[in-house]
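In the working numbering, the protein residues as written are 1 to 315.
Just so it is clear, CB atoms sit at the ideal spot from N, CA and C, and this is done for glycine as well.
None of the values given here were measured: they were computed from a predicted structure.
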């Protein structure tokens, strides 16, 4: 049971969150109002080949994978999923204000551990990646304690270090990463975790394979494990069984959830960031003027049903 080790968007000439707070009397639009007014083209559907369904007795958790950030780990994870490694494993570690972790609870015992089949046992570290011109980036103009520059690359919250030309996915709420031992190459995606609290301190120390985009309460509301056992349940009867894990592409279209994500380079996402950073209404008299990277992740929704157009026959 592996523990943990301790191109800028310029809409209207502004980076995300860079507008000065307005002292007007008009209320800031709510998140619901902004999303309701968004255009269909500002949303994109999840790619079934990059989407995992993890079914628990309480429901389904959906994970959007990020292969451009940790290609070897995502590829190994897909192999494990296709060979049904996670079926019958469990969520066996839950640390309050940190992570929920799942996989084979007997993974460290050679006599009991599940076979990893054809998957690799070790992988090269993929904690950061090089930055190049083709990597999309929407800068968030707010200070950050863990990175010189922060923003969004596609659907992922990221940190960047201009001095080393590197970038990494930040450990925000819902981020899914690969647990490992002390050796940097010991993570192989057979043990995963989702952030349920404050975990930015482990940025750049573990490989990130994606983020939970649906069903996060099924993980964050689980009973916490004992602090003196690093959150691992001593009684594995308390662990939450994992019924199955599948790539969405393995299922018929009729069995997939029609989820879509608001594009981080869209005008509506820009308005959402501005509204959250400069909120003003009857309750909020003082706005912060900034917003943290993990406080404004790209929203996810079920695709709205198409409305019938034109008059009904016989009208």
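Span of the alpha helix (DSSP H) around residue i
i, result
"residue 277", "267 to 277"
"residue 33", "31 to 36"
"residue 220", "217 to 220"
Residue i, buried or exposed, once every other Cβ within 10 Å from all chains shown has been counted against 16
i, result
"residue 105", "buried"
"residue 183", "exposed"
"residue 209", "buried"
"residue 286", "exposed"
"residue 23", "Any answer about residue 23 is weak, because its pLDDT of 45 lies below 50 and its placement is not dependable; what the coordinates show is given next. Exposed, since its Cβ has fewer than 16 Cβ neighbours within 10 Å."
"residue 84", "exposed"
"residue 193", "buried"
"residue 78", "buried"
Beta-carbon spacing of residue i, residue j below 8 Å
i, j, result
"residue 268", "residue 48", "no"
"residue 34", "residue 275", "yes"
"residue 99", "residue 196", "yes"
"residue 16", "residue 144", "no"
"residue 242", "residue 80", "no"
"residue 189", "residue 178", "yes"
"residue 146", "residue 200", "yes"
"residue 240", "residue 62", "no"
Residue i in three-state terms, based on DSSP
i, result
"residue 74", "helix"
"residue 157", "strand"
"residue 332", "There is simply no residue 332 to check, as the chain begins at 1 and stops at 315 in what is shown."
"residue 317", "This structure cannot settle anything about residue 317, because the visible part of the chain is limited to 1 through 315."
"residue 131", "coil"
Opening and closing residue of the beta strand (DSSP E) in which residue i lies
i, result
"residue 59", "59 to 65"
"residue 192", "191 to 195"
"residue 54", "51 to 56"
"residue 92", "90 to 94"
"residue 102", "99 to 103"
"residue 286", "Here residue 286 belongs to no beta strand (DSSP E), and DSSP marks it neither H nor E."
"residue 175", "175 to 178"
Any 3 or more C-beta pairs closer than 8 Å across the stretch 107 to 115 and the stretch 255 to 274: Too few Cβ pairs lie closer than 8 Å, so no.
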